[in-house]
Amino acid sequence: MKFTSSLKLKLIYVFRINEKTHEGCLKIGEATSDNEDIWGLEPNSKALNEAAKKRINQYTQTAGIRYDLLYTEVTVYNDKGTLKSFTDHEVRNVLTRSGLKKKVFDTKNNANEWFITDLETVKKAIKAVKEGRESIGQNEITTDKSPIAFRPEQQEAIDKTKKQFKKG
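Residue numbers (this note's numbering): 146 to 313.
See below:
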């Protein structure tokens, strides 16, 4: 008989929607994964990205929303020999306490997990949570440090080029 844990691996994800209405905004969320190899999963690994996309698709796919997944990371970490975990709420709280503004798109449905920020600042907030800090310093807050957003036809050309180079 094989033992199966009822605990699921949690991960943090960060994504954006490349529309004028969401310009400069990132969503920080949380998902679960069936993967049991918590120490073998690097940020943005295939397994983490797949789990994040599965979760994001649950609330974007039926509306036909296109998004860019920018970052994923497991929430479990080793703190001086103690296994700890953090949540997306803790990351958002660090961002709020650091003076970053939330972008609320829908007050009725509580769509309040969006922030006017860039990816590097979110990564620094994640690091702050792991270090037990309540906020990040003003010198740690950056702007425009998110990957370039390509138009669909540009992304298609890039993908074709990459595919051709891989073929040789």
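The C-beta atom is built at its ideal place from N, Cα and C for all residues, glycine as well.
Residues bridged to residue i by DSSP?
i: residue 247; result: 260
i: residue 171; result: 260
i: residue 160; result: 172, 214
i: residue 178; result: 154
Which two residues bound the contiguous alpha helix (DSSP H) that contains residue i?
i: residue 201; result: 191–205
i: residue 287; result: That residue, residue 287, is in no alpha helix (DSSP H); it is neither H nor E in DSSP.
Less than 6 Å between C-beta atoms, sequence neighbours within five positions excluded: which residues of the same chain meet that for residue i?
i: residue 269; result: 281, 285
i: residue 179; result: none
i: residue 305; result: none
i: residue 200; result: 176
i: residue 287; result: 263, 265, 266
i: residue 224; result: none
i: residue 277; result: none
i: residue 240; result: 260, 270
Taking the beta carbon of residue i as the centre, do at least 16 other beta carbons fall within 10 Å, making it buried, or is it exposed?
i: residue 310; result: exposed
i: residue 249; result: exposed
i: residue 161; result: buried
i: residue 210; result: exposed
i: residue 217; result: buried
i: residue 273; result: buried
i: residue 228; result: exposed
i: residue 208; result: exposed
Which residue comes first and which comes last in the beta strand (DSSP E) that contains residue i?
i: residue 223; result: 221–224
i: residue 242; result: Residue 242 -> not in any beta strand (DSSP E); alpha helix (DSSP H) instead, spanning 233–242.
i: residue 227; result: 227–230
Going by beta carbon distance, what residues of the same chain come within less than 8 Å of residue i, once the five residues before and after it are set aside?
i: residue 166; result: 250
By Cβ distance, which residues of its chain are closer than 7 Å to residue i, with the 5 residues on each side in sequence left out?
i: residue 230; result: 155, 220, 221
i: residue 194; result: 214, 217
i: residue 188; result: 216, 217, 218
i: residue 205; result: 212
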